[in-house]
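For the protein sequence lines, the chains are G and C, in the order given.
Counting in our numbering, the first sequence runs from 79 upward without gaps.
Counting in our numbering, the second sequence runs from 79 upward without gaps.
There are 2 protein chains.
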Amino acid sequence: MGVVHRFIGKDGAFAWEGVEVETYDRGGAMGGTKQVLLGSRDGSVHFGLRYYEIEPGGQSSFDRHGHDHGVYILRGKARVMLGWDVAEVGVGDVIYIPPNEEHQFENIGDEPLGFLCAVPPRD
Amino acid sequence: MGVVHRFIGKDGAFAWEGVEVETYDRGGAMGGTKQVLLGSRDGSVHFGLRYYEIEPGGQSSFDRHGHDHGVYILRGKARVMLGWDVAEVGVGDVIYIPPNEEHQFENIGDEPLGFLCAVPPRD
């Protein structure tokens, strides 16, 4: 069965029907929340899709692992570390993080940083 | 190596650095373009990420296949067929299309319908 999670965000907040807002503070992440938009709960077989939001001054975890990420920035501005590279990214930018590359997102703007993150099912 | 495809859309258009705008007219699709945001070109191992845009009155292909899709609506409004169900969806809505379920998106708004589509690598 197909699944629709409707966007129910108001007043600038990002939220979806049937999706829990989880605290995201693993591995040194600060000021963040995580919402699993698609995952095993939906019967998703080959990938998951999450929405992460990081407050101004906050950061995602410093990560390095065997699976890859595809990221799409939905709101705000970030400094992203990709291995030895650093890039500043904003709304609409797309980032691919290959397996085993160190990565971290830091909110460098005045508003929340929000991004979609596609992951393979093992994550 | 990580990859960044910067958003370079202007005047309402959606476009990214290093990403070709392809005609999307396979399988009965009408009025559409496709942009591969992440794929094998980027070394993406476990999934691909595409952006599809459908003009008002246009539609995606009528599809049924063994892999699944994760869709995030970025602009416009659609009527989406999911097996025997039909839903109207708009900006921010998330849709999971499981393997072997018939699906089609029809633009029912006055502006372009644009959506991200995550796919496993076989697609």
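No residue lacks a Cβ here, since even glycine has one placed at the ideal position from N, Cα and C.
Given a threshold of 16 other Cβ atoms within 10 Å of its Cβ, counted over all protein chains shown, does residue i qualify as buried or as exposed?
i, result
"G87/C", "exposed"
"N185/G", "buried"
"D171/G", "buried"
"R91/C", "It is Ala, not Arg, that sits at residue 91/C in the sequence shown. That one is exposed."
As a quick exercise: from the options, pick the residue whose alpha carbon is nearest that of residue i.
i, options, result
"G121/C", "M79/C, G105/C and D171/C", "M79/C"
"L127/G", "I173/C, Y130/C and G105/C", "I173/C"
"W73/C", "L115/C, G117/C and R142/C", "A question about residue 73/C goes unanswered here, because the residues of chain C that appear run from 79 up to 201."
"G187/G", "P134/G, G109/G and V99/G", "P134/G"
"V81/G", "Q182/C, A156/C and G148/C", "G148/C"
"G144/C", "R84/C, F85/C, H83/C and P199/C", "P199/C"
Kindly list, in the order they appear in chain C, the residues whose Cβ is closer than 8 Å to that of residue i.
i, result
"L127/G", "G148, Y150, V172 and A196"
"G161/G", "M79 and G80"
Identify the contact partners of residue i in chain G, using a Cβ-Cβ distance below 9 Å as the criterion.
i, result
"P176/C", "M79, G80, V81, D120, G121, S122 and V123"
"F140/C", "Neighbours of F140/C on chain G: none; closest Cβ ~14 Å, over 9 Å."
Which chain G residues are close to residue i, counting only those with a beta carbon under 7 Å from its beta carbon?
i, result
"A165/C", "V82"
"F71/C", "Shown here, chain C extends from 79 to 201; a query on residue 71/C therefore has no answer."
"H145/C", "H124"
According to DSSP, residue i sits in a beta bridge with which residue or residues?
i, result
"H147/G", "I175/G"
"D163/C", "L160/C"
"M108/G", "Q137/G"
"G192/C", "E131/C and R153/C"
"G126/G", "V197/G"
"V82/G", "I173/C"
Residues of chain G with a CB under 8 Å from the CB of residue i: which are they?
i, result
"V169/C", "F85"
Distance, Cα to Cα, residue i vs residue j?
i, j, result
"V115/C", "F193/G", "According to the sequence provided, residue 115/C is Leu. The question's Val does not apply to it. About 15 Å."
"S138/C", "G96/C", "24 Å"
"Y130/G", "L152/G", "10 Å"
"A107/C", "V99/G", "36 Å"
"D103/C", "L191/C", "15 Å"
"H181/C", "P177/G", "32 Å"
"R84/G", "E189/G", "23 Å"
"D201/C", "D146/G", "Unreliable positioning characterises D201/C in this predicted model, as indicated by a pLDDT of 46, which lies under 50. A coordinate reading is not provided."
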